[in-house]
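Number of protein chains: 2
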Amino acid sequence: MTRLKKFGVAVLGFGTVGAGVVETLQKNGDLLAERLGVRLVLRGVADLDLTTDRGVTVDPELLTTDAAALIERDDVDVVVELIGGTGVARQFTLQALKAGKPVVTANKKLLAEYGEELHRVAEEHQTEIHFEAAVGGGIPIIKSLREGLCGNRIQSMYGILNGTCNYILTRMEDENLPFDEVLDAAQKAGYAEAEPSLDIDGLDTAHKAAVLASLAYGCTVPLEKVQVAGIRGLSAVDIAYAADMGYRIKLLAILQSGDHGVEVSVQPTLLHHSHQLAAVSGVYNAVLVEGDIVGTTLYYGRGAGREATASAVVGDLADTALNLQAGGRRRDLSLVKEKAPVVFRDPGDIVSRHYLRVSMRNASGMMARLATVLGDHEIGIDSIMQKEAPLDAAYVPVIIVTGPASERAMADALATIAGIDGLIDQAPVMYRIEDFN
Amino acid sequence: MTRLKKFGVAVLGFGTVGAGVVETLQKNGDLLAERLGVRLVLRGVADLDLTTDRGVTVDPELLTTDAAALIERDDVDVVVELIGGTGVARQFTLQALKAGKPVVTANKKLLAEYGEELHRVAEEHQTEIHFEAAVGGGIPIIKSLREGLCGNRIQSMYGILNGTCNYILTRMEDENLPFDEVLDAAQKAGYAEAEPSLDIDGLDTAHKAAVLASLAYGCTVPLEKVQVAGIRGLSAVDIAYAADMGYRIKLLAILQSGDHGVEVSVQPTLLHHSHQLAAVSGVYNAVLVEGDIVGTTLYYGRGAGREATASAVVGDLADTALNLQAGGRRRDLSLVKEKAPVVFRDPGDIVSRHYLRVSMRNASGMMARLATVLGDHEIGIDSIMQKEAPLDAAYVPVIIVTGPASERAMADALATIAGIDGLIDQAPVMYRIEDFN
């Protein structure tokens, strides 16, 4: 066997994913060398905590607490940033890029908040930043979008991008359990963080949606342009009512590009149970991509975890190694240059069908008043469900599936309903229904 | 705007996909130039028939009947082979590779039968052959396998790879129609060829399975090592019985790698209706990939057609252009060198559950004899379904779902059953059940 060229890898952050990357290089290093014609060699692992057992054996000489020094070593060709957050992660990423070394990262928050800066610095120093692991875990969605589908104008994307939320929603539906109980179980099983807000309030999904949007639309998407609602406090009764009508509720990232601008949003959304995305359960992720040439494509896999994320990082390392071997950058990995500023659609203009649960006074004429308000706002009714309630119940739940209506019309109608004395006794619950036109 | 480097494209074959590629370059050429920093310029389209309307407007000066001369032109950097078959398609592909020009092809038959030769010639002339469009239409499955998942040992793949067959099976199930009627309708709708055997007898799927297997296992897979059964004559009653028991029948390519060697097979297979692949309907394709690091991933999209296939071809053109711009080949696109010859598993050793429909004599003691034979061959019974039949029926259908059993044990048992005088009046129908362990 001929001597293979070696390609030095520095891993920053020896947590779950860092250990997974080290383990993958150990386990499949020979296979990779055979496939790539280049050998990926681990030069060092930097972390402040070098004592915790990571479930993987590493030569102690490879461990260091000095990430900055590791980055600068001559035999380090690429830096893997797995620290997370936007503090030292950003600092070390910039240091590596400024040293002309490519960076592979799984850090969606860093990309969503500082992507423009990172891409600019990479460009200035003629190097690259790869981030397959930042969205969809092991699913090669970034590569598919940027390379495989590069001949397409991306019209829309729909993503289930947070495994924790999908696990919670799946268990709530399957076992008819309340949100708090499932969150508690998920935390105990290690599927949810002790501080779960990044996941359940939709921010993690928003970070990932912003990364996908930047690739689809060729623009930087400021996080404040992403409409975000999470699943905290989602009621089991809404999951059950939705199921009765043939729908599942998923935390869905929606990216749509149309004549009136671009939409990037994250919210609990009803999907018809027969749709491919409705079948994505547990900790799995999936992204549906609609391109103007290819039509509908879908990508599915584990959205997080030690191994799946490591698979994506190693895929990026392979690309980086081959690019360096070929003399440098190959594909301009920065965002597509903005021709004209992207226009974000006014959220109030977004039109969809809606699921509406109203706690309505149990008295004659009430349903007519409700229907009249919707009609006055030109909101059609596709179906109504009112289950029998005790005769003496003061208020009863009414489930309405509306026809297509703008967010603005819905908000106006709900305000009118709230203003009618005694018609409802609590704020209505409203979710979007996605029909994938 | 700076002058972009131009990259000359020759298209051989002006059929459905050829026209789609030309149209995509016209429609999204500016977008591609922006994304790639290279402009793809159509230099010529070669076909013997230049008069048929292709639904796309091309400068007549670009049309030629002389493919060989087009390939040699100095301003042609890449050759797109969309002729099909293994005659002139092979000849022109070899000519281009020998001229050191990369080839992009959608020709699975050529790859399955001559892949080794093509890769060797490409290697000798330091150029590349790309074939994303050969499997799964617009789905970037080749790129995902070879690049995104390159850190993984591929343990198994399951593919619905032929849109015509899946369309037929979907309509048979949805509308409870016989095979011949749906095939006829598919031919009239343009979803099936006038001569449909390549599709319905499973050969097209086998070609694609061989291409996938060569990537997964790093070996050439001779077509004679692929076990092939198609859907011709599949009975509507088996689709209905399978549905009764919660299964759908799909023409499935199965690739599995285990201790006892490698399996590559194509056959009608029962999948539980809740499985993601069972939800793939109509002309759509999907591939499920299990890697040792990433776990289960799935890729879904249109498996054929003008636009979807063009999307894959253009993705390959982009890669080729960027590689050439970077000075030549980047990734060794040839197959992984064989370390040791791959061992193909003896088909008789393959173990799975089976669906069995037996036309059994309607007399007492018959079921016991049937069950005894299965038991004698150590074939367990997971379920039996015998519907009520007219009292005077001489033979009645019995549906058996077996426990896990080898193909050999099943064949032996069926031979024994056939040898028992009067027990059955026609050959049993048997299909594999895939449980995706």
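Residue numbers (my numbering), protein chains in the order written: chain Y, -6 to 430; chain L, -6 to 430. Glycine included, every Cβ here is placed at the ideal spot set by N, Cα and C.
Look at Y/C212: its C-beta is not under 8 Å from any C-beta on chain L. Taken through DSSP and simplified to helix, strand or coil, L/S352 comes out as strand. Taking a beta-carbon distance threshold of 8 Å, Y/R113 does not count as an interface residue toward chain L. Minimum Cα-Cα distance from L/A92 among the listed residues L/E110, L/T120 and L/V73 corresponds to L/T120. Residues of the stretch 281 to 297 of chain L that bring their beta carbon within less than 9 Å of a beta carbon in chain Y comprise L281, V282, G284, D285, I286, V287, G288, T289, T290, L291, Y292, Y293, G294 and R295, in sequence order.
Between the stretch 250 to 259 of chain Y and the stretch 184 to 193 of chain Y, the count of Cβ pairs shorter than 8 Å is below three; the stretches do not touch. The count of Cβ pairs closer than 8 Å, one atom from the stretch 94 to 108 of chain Y and one from the stretch 62 to 79 of chain Y, reaches three, so the stretches are in contact. Y/A272 and L/T289 have their C-alpha atoms roughly 15 Å apart.
With a minimum length of 4 residues, the unbroken runs of alpha helix (DSSP H) contained wholly in the stretch 366 to 423 of chain Y fall at 400 to 412.
Apart from the 5 residues on each side of it in sequence, L/L5 sits with its Cβ closer than 6 Å to the Cβ of A39, A60, E74, I76 and F85 in its chain, given in chain order.
Counting the other CB atoms within 10 Å of its CB gives L/D309 a total of 16 or more, which places it among the buried residues.
Annotation: Cβ neighbours of Y/L24 in chain L (cutoff 7 Å, chain order): R146. Here L/S207 carries a helix assignment [DSSP, helix/strand/coil]. The beta-carbon of L/S149 is placed no less than 8 Å from the nearest beta-carbon of chain Y. Contact between L/V280 and L/M150 is confirmed by a C-beta separation of about 6 Å, below the 8 Å threshold. In this model, Y/M165 and L/L170 are separated by some 39 Å (Cα to Cα). Neighbourhood of Y/L245 in chain L, by CB distance below 7 Å: empty, with the nearest CB roughly 17 Å away. No residue range can be given for Y/M238, since it is assigned to no alpha helix (DSSP H) and is classified by DSSP as neither H nor E. Of the residues assessed, L/Q19 falls on the exposed side of the cut-off, its CB having fewer than 16 other CB atoms within 10 angstroms. Taken atom to atom, the span from the alpha-carbon of L/R139 to that of L/R295 is near 20 Å. Below 8 Å, enough C-beta pairs join the stretch 388 to 395 of chain Y and the stretch 226 to 240 of chain Y to call them touching: three or more. Under the three-state reduction of DSSP, Y/G195 is assigned to coil, being neither helix nor strand.
Closest in alpha carbon position to Y/P261, among Y/Q220, Y/Q269 and Y/V287, is Y/Q220.
Using beta-carbon distances, Y/A12 does not count as an interface residue toward chain L, since no partner is under 8 Å.
Residue environment: L/Q419 is assigned as exposed (fewer than 16 neighbouring CB atoms within 10 Å of its CB, all protein chains considered). In the DSSP assignment, L/F85 falls within the alpha helix (DSSP H) that extends over V81 to K91. Apart from the 5 residues on each side of it in sequence, Y/S137 sits with its Cβ closer than 8 Å to the Cβ of V282, T290 and Y292 in its chain, given in chain order.
At a cut-off of 8 Å between beta carbons, L/R28 contacts chain Y. About 6 Å separates the beta carbon of L/D428 from that of L/R346, a gap short enough to meet the 8 Å contact definition. In this chain, L/Q318 is not harboured by any beta strand (DSSP E); it is covered by the alpha helix (DSSP H) spanning R299 to Q318.
For the stretch 146 to 176 of chain L, residues whose beta-carbon sits nearer than 9 Å to a beta-carbon of chain Y comprise R146. Excluding sequence positions up to five before and after L/A301, its CB lies within less than 7 Å of the CB of G130, G131, G294 and R295, all in the same chain and listed in chain order. For L/T157, the secondary structure class from DSSP, reduced to helix, strand or coil, is helix.
Excluding residues up to 5 positions away in sequence, V366 lie with their Cβ nearer than 7 Å to the Cβ of L/T409 in the same chain. Excluding residues up to 5 positions away in sequence, nothing lies with its Cβ nearer than 6 Å to the Cβ of Y/D42 in the same chain. Under DSSP, L/I247 forms a beta bridge with L/Y151 and L/S258.
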